[in-house]
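This note's numbering numbers the first residue of the sequence shown as -8 and each following residue consecutively. Every residue, glycine too, gets a C-beta built ideally from N, C-alpha and C. Bear in mind that the values here come from a model prediction, so they are computed numbers and not experimental data. Note sheet for the following structure.
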Amino acid sequence: MAVCDVCKGRQGPKELHRRLAVPEYRSMIGFWPWIHIKVCDECVTAHDRDFRERLALLAPDVLENDEPIVRRVCLACGAAETDVAWHPHSKWLDAAGKPARRATFYLCGDHADLPYVDGIVVGSNLTSRSRMAEVLEELPVAGADLVKRVERWDPAQDEGPEGAADFIGGRGGDAVLDDAMAFWQGAPDGLDAKAAWLGPVRKDYRMRYRLDLVRDLGDGRRETFVVLRTGPEALAVYRTVGDAPREGRLP
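If you want it as structure tokens, here you go:
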């Protein structure tokens, strides 16, 4: 007799829905098996909602740590059926725009072209100004008090953080799009890999209010082009150069 793995109720001869169990972090990166469960008609809607919510919460942390999501499951809708048209994507791209490093994941055919999904920038889909514009639209307004508290600099003073270069405040969207695309599509000599994410990435501060476009070079340097929204129609940009984290370099 079939038993629902959610409510534990006996379902008689009925055929149950086959679903993936709601994931934990370790299952998503391959150190723990993804488990299939059987779900009855009464529980399937709630289970699918819980699965999508858990996936959306965990996936950004997995990719932030440059780990792969090993199971073919769509980050946009939570689909995990075997007959889905899967499209592989990666947080990191090489100089040719191909997936690089370990932080890989999947989108289904219906969502394969999305440039942004629940906290994750899909770098391989940043192929045009319109796609980049969609990501920039996700940026909330970062007030001066917020930036001063988190990053120790004041955007109202028309200068970026210490060590930054090429700071420009109060820019319009079209100008920022041009600069962002020029940086993103540029391929300087020695480019190992590039990526995009919403930042700042700090263990003690989870709000994401800026776009970081990142290029890691073969000599160990990391170039970053930063965009943050200082007003409804105003954006600020600046560049930084520093050392790439050792674990972030290609082997």
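Extent of the continuous beta strand (DSSP E) to which residue i belongs
i: G51; result: Position check: residue 51 holds Pro in this sequence, whereas Gly was assumed. No beta strand (DSSP E) contains P51, which is instead part of the alpha helix (DSSP H) from D32 to E55.
i: P90; result: P90 to L98
i: V256; result: Because residue 256 is not part of the residues shown, which for the chain are -8 to 242, the question remains open.
i: L11; result: H8 to L11
Simplified DSSP assignment, three categories, for residue i
i: K82; result: strand
i: V113; result: coil
i: R17; result: helix
i: R240; result: Bear in mind that a pLDDT of 43 at R240, under 50, signals an unreliable position, so the number given afterwards is only what the model happens to contain. Note: R240 maps to coil in three-state DSSP.
Proximity of residue i and residue j at Cβ, strictly below 8 Å
i: L130; j: V167; result: no
i: R206; j: A133; result: no
i: D180; j: R212; result: no
i: L66; j: F42; result: no
i: A19; j: L48; result: Note that residue 19 is Met in the sequence shown, not Ala. No, the pair does not count as a contact, with Cβ atoms beyond the cut-off.
i: R122; j: V228; result: no
i: A103; j: D57; result: no
i: R62; j: W23; result: no
i: V248; j: Y107; result: One cannot answer for residue 248 here, as it falls past the ends of the chain, which runs -8 to 242.
i: L54; j: K82; result: yes
i: V30; j: C(-5); result: yes
i: R230; j: A147; result: no
Residue i, buried or exposed, once every other Cβ within 10 Å from all chains shown has been counted against 16
i: A184; result: buried
i: D165; result: exposed
i: E224; result: exposed
i: E245; result: With the chain covering -8 to 242 only, the question about residue 245 has no answer from this structure.
i: R10; result: buried
i: H275; result: Residue 275 is absent from the model: the chain starts at -8 and stops at 242.
i: E178; result: The displayed chain sequence assigns Ala, not Glu, to residue 178. The residue is exposed, with fewer than 16 neighbouring Cβ atoms inside 10 Å.
Extent of the continuous alpha helix (DSSP H) to which residue i belongs
i: Y137; result: Checking the sequence, you will find Leu at residue 137 rather than Tyr. Per DSSP, L137 belongs to the alpha helix (DSSP H) from A135 to E142.
i: L127; result: R120 to L127
Practice prompt. At 3 residues or longer, and completely inside the segment 152 to 217: list those beta strand (DSSP E) runs for me, N to C.
Written response: 156 to 162, 182 to 190 and 201 to 208
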